[in-house]
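K.L.:
Handing you a structure now.
Shown next as structure tokens:
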């Protein structure tokens, strides 16, 4: 290519780099703002946007997740946008390094999630079950989120009704949340145990269709919300995999573009 064509290509890629990272910066700011909003007034957020009953976001503390992701995107967007605008090799290298670290962390997390699902369940149980015992029935927002989750997803606790044993709610009410007894009250240990006696319930086949087993059908016997969420994730694994692949492709492209600009600055 002629020097003019090379310069035109450099300018085009530089402008695209600026616009792309400006969008990331604005998206990060939006996520950060939403995260702060959820942290300050989570109940109004749920009232406006409804119950995300099929998502793990109702089990973990979504506000901190949004704040962390938003802050990371703000940093990435600033480094990429300002580094390209000022043609700063230092900022471009920092941008490349941050994206590379995130990419490696995502790959590692994906491998751990696929290989050590049981370990993830153990860790999540160790984190969430104590919160259920301490905050359910005490913290109004926490209780509301779990009530919506257990009602809509048709589950009880993280693993089952025993997550509420020796909890604040059990000690003050003398029983379990009514969701653990298929909305029957009073929800005592006998009724909860009968409702949770089976994990799966099977429906007989009709019109030549083979029998099927699903937690939502025919009797709706309860299981823990963690198993329900895992089932939702498995059901939507193709979509999740496609999104993950798309994000990985964008990260690789961003690293390649930043390195191209970094190398081209030596020739200018």
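Residue numbers (the working numbering): 345 to 612.
For each residue, glycine too, the CB sits at the ideal point set by N, CA and C.
Model, not experiment: these values are computed from the prediction.
1) State the Cα-Cα distance for the pair residue 487 and residue 480, rounded to the nearest angstrom.
2) Should residue 527 go down as buried or exposed, given a rule of 16 or more other Cβ atoms within 10 Å for buried?
3) For residue 425, name the three-state secondary structure that DSSP assigns.
4) Report yes if the C-beta distance between residue 368 and residue 424 is below 8 Å; otherwise report no.
5) Going by C-alpha to C-alpha distance, which of 498, 359, 603, 410 sits closest to residue 575?
6) List the endpoints of the continuous alpha helix (DSSP H) containing residue 491.
7) The alpha helix (DSSP H) spanning residue 513 covers which residue range?
8) How would you call residue 616, buried or exposed, if buried means at least 16 neighbouring beta carbons within 10 angstroms?
9) Just checking my contact of residue 511 with residue 476 at CB under 8 Å: how many whole Å lie between their CB atoms?
10) What are the boundary residues of the alpha helix (DSSP H) that residue 538 is part of?
11) Can you say whether residue 305 is buried or exposed, counting buried as having 16 or more other CB atoms within 10 angstroms of its CB?
12) Taking 8 Å as the threshold (C-beta atoms), are residue 357 and residue 583 in contact?
13) If residue 417 sits next to residue 375, beta carbons under 8 Å apart, how far is it from one beta carbon to the other, in whole angstroms?
14) Assuming residue 421 and residue 365 form a contact by the criterion Cβ under 8 Å, report the distance between their Cβ atoms to the nearest whole angstrom.
15) Which of the three DSSP states, helix, strand or coil, is assigned to residue 327?
16) Is it the case that the Cβ atoms of residue 520 and residue 531 are separated by a distance below 8 Å?
17) Rounded to whole angstroms, what is the Cα-Cα separation between residue 507 and residue 437?
P.N.:
Let me spell this out:
1) Within the chain shown, numbered from 1, the residue matching residue 487 stands at position 143. Within the chain shown, numbered from 1, the residue matching residue 480 stands at position 136. Between the alpha carbons of residue 487 and residue 480 lies a gap of roughly 5 Å.
2) Residue mapping note: residue 527 aligns to position 183 of the chain shown, counting from 1. Counting of Cβ neighbours within 10 angstroms places residue 527 among the exposed residues, the total staying below 16.
3) Here residue 425 is taken as the residue at index 81 of the chain shown, counted from 1. Here residue 425 sits in helix by DSSP.
4) Against the chain shown, residue 368 aligns to sequence position 24. Against the chain shown, residue 424 aligns to sequence position 80. Yes, these two residues count as a Cβ contact at 8 Å.
5) Within the chain shown, the letter at position 231 stands for residue 575. Shortest Cα-Cα distance from residue 575 to any of 498, 359, 603, 410 involves 498.
6) As a working note, residue 491 is residue 147 in the chain shown. Residue 491: member of the alpha helix (DSSP H) spanning 484-497, first to last residue.
7) Against the chain shown, residue 513 aligns to sequence position 169. Unbroken alpha helix (DSSP H) run through residue 513: 512-517.
8) The structure shown has nothing for residue 616, since the chain only spans 345 to 612.
9) Start at 1 with the first residue of the chain shown, and residue 511 comes out as number 167. Start at 1 with the first residue of the chain shown, and residue 476 comes out as number 132. Yes, residue 511 and residue 476 are in contact; Cβ-Cβ is about 6 Å, under 8 Å.
10) The residue given as residue 538 occupies position 194 in the chain shown. Segment 533-539, the alpha helix (DSSP H) holding residue 538.
11) In the structure displayed, the chain extends from 345 to 612; residue 305 sits before or after that span and is not available.
12) By 1-based counting over the chain shown, the position of residue 583 is 239. By 1-based counting over the chain shown, the position of residue 357 is 13. Contact check for residue 583 against residue 357 fails: the beta carbons are separated by 8 Å or more.
13) Along the chain shown, read from residue 1 onward, the residue named residue 417 stands at position 73. Along the chain shown, read from residue 1 onward, the residue named residue 375 stands at position 31. So it is a contact: roughly 6 Å between Cβ atoms.
14) Along the chain shown, one-based indexing puts residue 421 at 77. Along the chain shown, one-based indexing puts residue 365 at 21. Contact between residue 421 and residue 365 holds, with the beta-carbon distance rounding to 5 Å and staying under 8 Å.
15) Outside the modelled stretch of the chain, which goes from 345 to 612, sits residue 327, for which no answer is possible.
16) Mapped onto the chain shown, residue 520 falls at position 176. Mapped onto the chain shown, residue 531 falls at position 187. Result yes, Cβ atoms of residue 520 and residue 531 sit closer than 8 Å.
17) In the chain shown, residue 507 corresponds to position 163, counting from 1. In the chain shown, residue 437 corresponds to position 93, counting from 1. Cα to Cα, the separation comes out at about 48 Å.
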